[in-house]
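Residue numbers (UniProt numbering): 1 to 277.
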């Protein structure tokens, strides 16, 4: 980070959108739209849930990992793996659904919660593999300057969450007028940013409560805050596989999707028999 201004040498923006909002959730990226351009990042939601009545009930996933970053409030969660608890502001959830998981979540009782949820498409080695959950308290998330390293490595900071594919996912908070520069690692030709609070100048434009996709390349990204600003940023090599989608699942082939759906159905039957669904 330094005080140099934004420059025309940075990567330009190829797509931007403010998404679709309903029920306290703004859908910024889906597998059928921008997810095709920024895979392995295939789904991004900005959620602002006002009360515990806005809980997402038990639902399944396979073939993906979900990553949740809490900006404000606290999130209660429960999974078919037996994991359950509460994630405070600054906390991080990594849930690799693999072959199949059911989960639910929403604001803690008496409160509200705001954050980002991301879906990552998994490689064939993991898309039907065992489930894995990692929950990080705020103090367990490493930082490099204003960037918290949710996944991957930035500068000297390395996240405890280390998927097979080389992926960086950062949560950045800037003061008014602060400039932050990000040089993606070699091979990270996919890069995008989603602004949750405030506004940020980058690549000759101003972003506010929207997602922007940078043109593929290797150039650095430069951000200047307008007011206190919070955003998430992802970079990675492009996922080389097709996106074969079910209702809550993303796989690399029809056979892998069908295998995931069978496992989801098996877990669902067990949950119903136990009165949990």
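We treat Cβ as the ideally placed atom computed from N, Cα and C, and that holds for glycine.
Quick caveat: nothing in here was measured; it's all calculated off a predicted structure.
Would you mind stating whether residue 92 and residue 150 have Cβ atoms separated by less than 8 Å?
-> yes
Alpha helix (DSSP H) containing residue 188: first to last residue?
-> Unbroken run through residue 188: none, as it is neither H nor E.
Distance CB(residue 49)-CB(residue 112) smaller than 8 Å | yes
Count the other C-beta atoms from every protein chain shown that fall within 10 angstroms of the C-beta of residue 23, then say buried if there are 16 or more, exposed otherwise.
-> exposed
Going by DSSP, which residues form a beta bridge with residue 239?
-> Residue 239 is not bridged to any residue.
Compare the Cα-Cα distances from residue 139 to each of 87, 213 and 12 and report the closest residue.
-> 87
Relative to the alpha-carbon of residue 261, which residue among 12, 17, 64 and 40 has its alpha-carbon at the smallest distance?
-> 64
What residue from 74, 221 and 60 has the CA that sits closest to residue 47's CA?
-> 74
Per the contact definition of three or more C-beta pairs closer than 8 Å, is the stretch 168-184 in contact with the stretch 210-221?
-> yes
Which whole-angstrom value describes the C-beta separation of residue 225 and residue 177, a residue pair presumed to lie in contact below a C-beta threshold of 8 Å?
-> 6 Å
Look up residue 140 in the DSSP assignment and say whether it is helix, strand or coil.
-> helix
Under 8 Å, do residue 76 and residue 101 count as touching if we go by C-beta distance?
-> Taking 8 Å as the Cβ cut-off, residue 76 and residue 101 do not qualify as a contacting pair.
Do residue 40 and residue 120 have their CB atoms nearer than 8 Å?
-> yes
Residue range of the alpha helix (DSSP H) that includes residue 105 | Run containing residue 105: none in the alpha helix (DSSP H); it sits in the beta strand (DSSP E), 101-107.
State the beta-bridge partners of residue 96 as determined by DSSP.
-> 65 and 132
Could you please give the first and the last residue of the uninterrupted alpha helix (DSSP H) stretch that includes residue 117?
-> Not the alpha helix (DSSP H): residue 117 falls in the beta strand (DSSP E), residues 113-121.
Hey, quick one: how far does the alpha helix (DSSP H) through residue 28 stretch, first residue to last?
-> Per DSSP, residue 28 belongs to no alpha helix (DSSP H); it is in the beta strand (DSSP E), 25-29.
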